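Chains as they are written, first to last, in my numbering: chain Y, 258 to 442; chain C, 1044 to 1524.
These notes concern the structure reproduced below.
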Amino acid sequence: MDKTYIIGRDAVPSDIRLAEGESMRLTLFVPEGTDCALDLTVSLDGPGASLDLAGGWRCNGSENVSLKVTVRHNVPGCTSRQLFKGVVGGSARASFDGLVYVAPGAIHTDAVQESRTLLLSDSATAEARPQLEIYADDVKCSHGATTGYLNPEELFYMRSRGIPEAEARAMQVEAFLAPILNRLV
Amino acid sequence: MNDLLQQLSNQEYKEGFVTEVEQEYVPKGLNEDIIRLISGIKQEPQWLLDFRLNAFRKWQTMPEPHWGHLKLPKIDYQDIIYYAAPKKDSERPTEIDPALMDTFDKLGIPLKEREVLAGVKSKEVAVDAVFDSVSVTTTFRKTLADKGIIFCSFSEAVREHPDLVRKYLATVVPAGDNFFAALNSAVFSDGSFCYIPKGVDCPMELSSYFRINAAGTGQFERTLIVADEGSRLSYMEGCTAPMRDENQLHAAVVEIIVEKDADVKYSTVQNWYPGDAEGRGGILNLVTKRGLCRGENSHLSWTQVETGSAITWKYPSTVLLGDHSSSEFYSVAMTKGRQQADTGTKMIHIGRDTRSRIVSKGISAGHSENSYRGLVRVNPGATGARNFSSCDSLLIGPDCGAHTFPVILNRCPQAVVEHEATTSKISDDQLFYCGQRGIGPEDATALIVGGYAREVLSRLPMEFAIEAQKLISLSLEGTVG
């Protein structure tokens, strides 16, 4: 199953359940100028179910983007992969709240979550709450979260090769979001 | 293996004894008269009484916090004795009750100025020993005073250095900061006060040891540490309590002020009584610890080893106000039985080029719940701020829980914040490998956990590191099922 939702255009279900052996590739994207408060729960209800979830957001004005994603591992032997990348500029505010829940007895769970945010301006705010709630011992779970800025060395490299600053910055942002954008086409 | 689990349930908490000593109490309950009474016993000046009453009025309007990942038992604040002190025959420090002397001796805390913890003789440690609501003695005061260092109980500091106390009290943790800090501000009894003057490198480790003894009481101590420009200090804190079927409340406040170029290291080995295997009794450890890196280049390092308490609710935090200031937080939290821990840190970046590092290692066994909760906040002006956090959890047994709840709030486009967390268990392969080499499952687990926690344990002062290592391997006994 492969689903793509552009927030502001498509209605996103709030509750997705995967049965035994089912696998899903899910992509979410919040384009510029879209305010949203998304609350999505994906439950892995059957053994061997797997989820590949990616999400991105790009804000440059005064957007208020809030993404709340809960992935529930309810049974043994499920896999989930999550990647979120956001770029926040202008006076926008973006918050990502991602919970990985592993139910008692859901052993052999393999869950990875990654969220990365770029801050582009002084008045932008980025908030991340990556959370793990784990009630089973034989599991492999990890999450990572970063917020940072455009690498000045990359910018210098491009400018020294005659690429104007604005264009170079746009390229950096595009490259940063590429892992998500590539899934939209 | 079931035998081993059985052993764990019956495992002894060796600090769980009660000292038979005559004590005086204030009546049960909490109201303005009790606060006036405590303040009166301690012969406090009016401004401090006003501070207490003001905090009490704030506290009355505040709700008890329940946002932690904890099942907090109902606390009846009117059913607690807020002040208990051993009766004394004459003025201290000339005479210490031999029973108290024995107590601290048994706990390995030297009240005479001689050897130090764990038989390591080379270094001296100054101790402020707090028994229920009063400080019993503070050692090495003369040696320290020669260097201009003030190290004494909080009550003495109020009497002898009122200006200093008044200048710094509640500047880091305001009276109305949170529910338990407000409660502490209203009823705090004793604690330690420490002032390191400009440019002084404290010649020995300073430490506070807290002991709860009386039944039906709570301990509400307050510690205030001020490190003036260019000074250095390493401070340690330890604590234990008797085994009882009732929960006892411990709501402390620690405030640390670090001025320009000063360096403070604060280490805690927390070993309050954790309750029995079914979760009866144990200390409710609800404390507020916060440091302010006020000056440029100031540095504050927190190291904590949490093995005790039925419930731990503790977030040692640093406000990085001075430019180029830095802070670290190293933590090992071990829970077993029915213990619950919700602990972590807050790093607030305000100054430019401020740096912080968080390393948290959680170990859960039995039916316990162990959570890391943290906040990294970067304010708009904190250009060049940098944070790295790493939080790992280790699960031992199928019935425990391990959780990670970090919050990252970044408002500065020239700052980098990184967080990573993993959860895992001791694998059968690791145990098998050790087993093949003749290392039994118990020792193998201790070995693996020791390695897992080493990054944090190695930060502890030597005297503490040995004790902490022992505590952890003792706590692990029988957890392998």
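Glycine included, C-beta positions come from ideal geometry on N, C-alpha and C.
Just so you know, these numbers come straight off a predicted model, no measurement behind them.
Check                                                                                                                                                                                          : Outcome
Does any CB atom of chain C fall closer than 8 Å to the CB of residue 388 of chain Y?                                                                                                          : yes
Can you tell me which of Y/357, Y/305 and Y/348 puts its alpha carbon nearest to the alpha carbon of residue 333 of chain Y?                                                                   : Y/305
In chain order, what residues of the same chain lie with their CB nearer than 8 Å to the CB of residue 1314 of chain C, ignoring the 5 residues before and after it?                           : 1058, 1281, 1282, 1283, 1350, 1351 and 1514
Can you tell me whether DSSP reads residue 1324 of chain C as helix, strand or coil?                                                                                                           : coil
Could you give the first and the last residue of the continuous alpha helix (DSSP H) run that contains residue 1210 of chain C?                                                                : 1205 to 1211
Please classify residue 1449 of chain C as buried or exposed, where buried requires at least 16 other C-beta atoms within 10 Å of its C-beta.                                                  : buried
Looking at the secondary structure, which residues open and close the alpha helix (DSSP H) in which residue 266 of chain Y lies?                                                               : First-last for residue 266 of chain Y: undefined, no H or E at that position.
The alpha helix (DSSP H) spanning residue 1188 of chain C covers which residue range?                                                                                                          : 1184 to 1189
Return the bridge partner residues of residue 1227 of chain C from the DSSP annotation.                                                                                                        : Note: residue 1227 of chain C sits in no beta bridge, so no partner.
Would residue 1403 of chain C be called buried (16 or more neighbouring beta carbons within 10 Å of its own) or exposed?                                                                       : buried
Contact between the region 1138 to 1145 of chain C and the region 1092 to 1104 of chain C is defined here as three or more beta-carbon pairs at a separation below 8 Å; is this criterion met? : no
Residue 1451 of chain C by DSSP, collapsed to three states: which one?                                                                                                                         : strand
CB-CB under 6 Å to residue 337 of chain Y, same chain, minus the five flanking residues each way: which ones, in chain order?                                                                  : 308, 328 and 368
Are the beta-carbon atoms belonging to residue 1287 of chain C and residue 1261 of chain C less than 8 Å from one another?                                                                     : no
Tell me which residues share the same chain as residue 380 of chain Y and place their Cβ nearer than 6 Å to its Cβ, disregarding the 5 neighbours each side in the sequence.                   : 348
Check whether the Cβ atoms of residue 302 of chain Y and residue 276 of chain Y sit closer than 8 Å, and answer yes or no.                                                                     : yes
Can you round the beta-carbon distance between residue 286 of chain Y and residue 420 of chain Y to whole angstroms, since I take them to be within the 8 Å contact cut?                       : Between residue 420 of chain Y and residue 286 of chain Y the Cβ distance is about 26 Å, and since that is not below 8 Å, they are no contact.
In chain order, what residues of the same chain have a beta carbon less than 7 Å from the beta carbon of residue 416 of chain Y, not counting five sequence neighbours either side?            : 422 and 425
Give the secondary structure of residue 398 of chain Y by DSSP, where H, G and I count as helix, E and B as strand, and everything else as coil.                                               : strand
Helix, strand or coil: how does DSSP classify residue 1243 of chain C here?                                                                                                                    : coil
Given residue 1392 of chain C, which residues of its chain have a CB within under 6 Å of its CB, disregarding the five upstream and five downstream residues?                                  : 1363, 1421, 1425 and 1428
What does a CB cutoff of less than 6 Å around residue 1434 of chain C pick up in its chain, not counting 5 residues either side in sequence?                                                   : 1403, 1415, 1447 and 1464
Answer with yes or no whether the minimum CB distance from residue 1164 of chain C to chain Y is below 8 Å.                                                                                    : For residue 1164 of chain C, the pLDDT reaches just 48, beneath the cut-off of 50, and the residue's location in the model is therefore unreliable, leaving the point undetermined.
Could you pull out every residue in the same chain whose Cβ sits closer than 7 Å to the Cβ of residue 1072 of chain C, ignoring the five residues on either side in sequence?                  : 1121
Measuring CB to CB, does residue 1154 of chain C end up less than 8 Å from residue 1169 of chain C?                                                                                            : no
Quick one: grab the DSSP three-state call for residue 1086 of chain C.                                                                                                                         : coil
Inspect the beta-carbon positions of residue 1388 of chain C and residue 1417 of chain C and report whether they are closer than 8 Å.                                                          : yes
Going residue by residue through the region 1339 to 1396 of chain C, where are the continuous beta strand (DSSP E) segments of at least 3 residues, counting only ones entirely within it?     : 1342 to 1349, 1354 to 1357, 1360 to 1363, 1369 to 1378 and 1383 to 1392
What would DSSP say about residue 1236 of chain C, mapped onto helix, strand or coil?                                                                                                          : strand
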